[in-house]
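Take a look at the structure set out below.
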Amino acid sequence: MTTAPATPTLPIAAPPARALAVQRLGLVPYVPTWALQEELLASTVAIKNQNREAAAAGRPSQPTPNHLLLCQHPHTYTLGKSGKPEHLLLNEAALAAHGATYHRINRGGDITYHGPGQLVGYPILDLDNFRPDIHWYLRTLEEAVIQTLAEYGLRAGRIAGLTGVWLGWEEGAPNPRKICAMGVKCSRWVTMHGFALNVAPDLAYFGHIVPCGITDKAVTSLAQELGRPVAVEEVQERLLPHLQKLFDAA
21 MTTAPATPTL PIAAPPARAL AVQRLGLVPY VPTWALQEEL LASTVAIKNQ
71 NREAAAAGRP SQPTPNHLLL CQHPHTYTLG KSGKPEHLLL NEAALAAHGA
121 TYHRINRGGD ITYHGPGQLV GYPILDLDNF RPDIHWYLRT LEEAVIQTLA
171 EYGLRAGRIA GLTGVWLGWE EGAPNPRKIC AMGVKCSRWV TMHGFALNVA
221 PDLAYFGHIV PCGITDKAVT SLAQELGRPV AVEEVQERLL PHLQKLFDAA
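Quick note on our numbering: the sequence shown kicks off at 21 and runs consecutively.
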């Protein structure tokens, strides 16, 4: 009796390691968004731990996800692990009068401000899917912002030793001013926190802190530099393709 050849079993294609799940959250409170980051990071680290056990047992691993949260926050001040509390220039009563909240958090860096009109990005990426190098990661985030600002005719760049994106960054320039702040945390090569790009926030709120602990340089926004209103949603959609291209993610 002739037996028909068995139909070959095709392997199930795993999702690409550099797939990027993007959530556009809009204007959201700070603390629940921080909790969401922690939840996504913990879930990714758990998969990595399971993969380590699977590898030891000779079992296949599963891909880890990569997330990007894009949002704005109500008026909020956050202080990183290496920051100085005295860099917040408001007491509790003054914070309440300005409709702002204050949180000590687990990212690097000093104090910064978040508020409406500022585009905040929180990548929760497994850098083992990209390149396990935190300095490369920060420079890549900066480059995405630099390329986005170039679309608006602004020549942004970096200042040595100062993480973030600047205008008037060239050596000897008379008025260096920060347009994008960054602060990150990395656990088992999984990132959280991220960047805050000033699109059109109320810059007066920066006057109540020593931004990022820097006393001799100004803060600016895209709207101030262009002299016209700019929508956060517009900048968000211009920034996203640069992030995807630079991280080779989709």
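Ideal placement from N, C-alpha and C gives every residue a C-beta, glycine not left out. Small disclaimer: the values here were computed from a predicted structure and weren't measured.
Backbone secondary structure at Pro83 - three-state DSSP: By 1-based counting over the sequence shown, the position of residue 83 is 63. Pro83: coil per DSSP, three-state reduction.
Asn126, DSSP secondary structure in three states: Here residue 126 is taken as the residue at index 106 of the sequence shown, counted from 1. Note: Asn126 maps to coil in three-state DSSP.
Exposed unless 16 or more other CB atoms sit within 10 angstroms - verdict on Trp156: Translated into positions along the sequence shown, residue 156 becomes position 136. Looking at its Cβ environment, which holds fewer than 16 other Cβ atoms inside 10 Å, Trp156 is exposed.
Neighbour-count burial assignment, Met21, 16 or more Cβ in a 10 Å radius: Mapped onto the sequence shown, residue 21 falls at position 1. Annotation note: pLDDT 46 at Met21 (below 50); position unreliable, coordinate value reported separately. By the neighbour-count rule (16 or more Cβ atoms within 10 Å), Met21 is not buried but exposed.
Cβ separation of Val271 and Leu88, assumed to be a contact under 8 Å, to the nearest whole Å: The structure shown does not extend to residue 271, since the chain is modelled only from 21 to 270, so the question has no answer here.
Close-in-space but distant-in-sequence residues of the same chain around Asp268 (CB under 7 Å, 5 per side omitted): Working through the sequence shown from its first residue, we reach residue 268 at position 248. Taken in chain order, the residues that qualify are Arg38.
Same chain, Cβ closer than 8 Å to Asn71, five either side skipped, listed in chain order: In the sequence shown, residue 71 corresponds to position 51, counting from 1. Closer than 8 Å at the Cβ level, and outside the excluded window around Asn71, lie Ser81, Gln82, Thr84.
Close Cβ partners of Glu257 (< 8 Å) along its chain, the five nearest in sequence each way excluded: Indexing the sequence shown from 1 puts residue 257 at position 237. Closer than 8 Å at Cβ, skipping near neighbours: no residue.
6 Å Cβ shell around His228 - same chain, five flanking residues per side excluded: Numbered from its first residue, the sequence shown carries residue 228 at position 208. Leu109, Leu110.
Three CB pairs or more closer than 8 Å across the stretch 211 to 231 and the stretch 121 to 133: yes
As assigned by DSSP and simplified to three states, the class of Val165: Looking up residue 165 in the sequence shown gives position 145. Val165: helix per DSSP, three-state reduction.
Backbone CA spacing between Glu202 and Trp186 [nearest angstrom]: Taking the sequence shown and counting its residues from 1, the one referred to as residue 202 is at position 182. Taking the sequence shown and counting its residues from 1, the one referred to as residue 186 is at position 166. The displayed chain sequence assigns Met, not Glu, to residue 202. One C-alpha to the other measures close to 12 Å.
Asp146 classed as buried or exposed, judged by whether at least 16 other C-beta atoms fall within 10 angstroms: In the sequence shown, residue 146 corresponds to position 126, counting from 1. It is buried - the Cβ of Asp146 has at least 16 other Cβ atoms within 10 Å.
Heavy atom of the ligand MG within 7 Å of His118 beta-carbon: Because no ligand of any kind appears in the structure shown, any question about the ligand MG cannot be addressed here.
Exposure label - Ala164; buried when at least 16 CB within 10 Å: Position 144 of the sequence shown, counting from 1, holds the residue named residue 164. So Ala164 ends up on the buried side.
Option nearest Ile67 by Cα separation, candidates Tyr142, Arg208, Ala251: Position 47 of the sequence shown, counted from the first residue, corresponds to residue 67. The candidate whose alpha carbon is nearest that of Ile67 is Arg208.
Whole-Å CB distance - Thr211 paired with Ile144, under 8 Å assumed: Mapped onto the sequence shown, residue 211 falls at position 191. Mapped onto the sequence shown, residue 144 falls at position 124. Indeed they touch by this definition, with Cβ atoms about 6 Å apart.
Option nearest Cys91 by Cα separation, candidates Gln264, Leu139, Phe215: Position 71 of the sequence shown, counted from the first residue, corresponds to residue 91. Comparing Cα positions, the closest option is Leu139.
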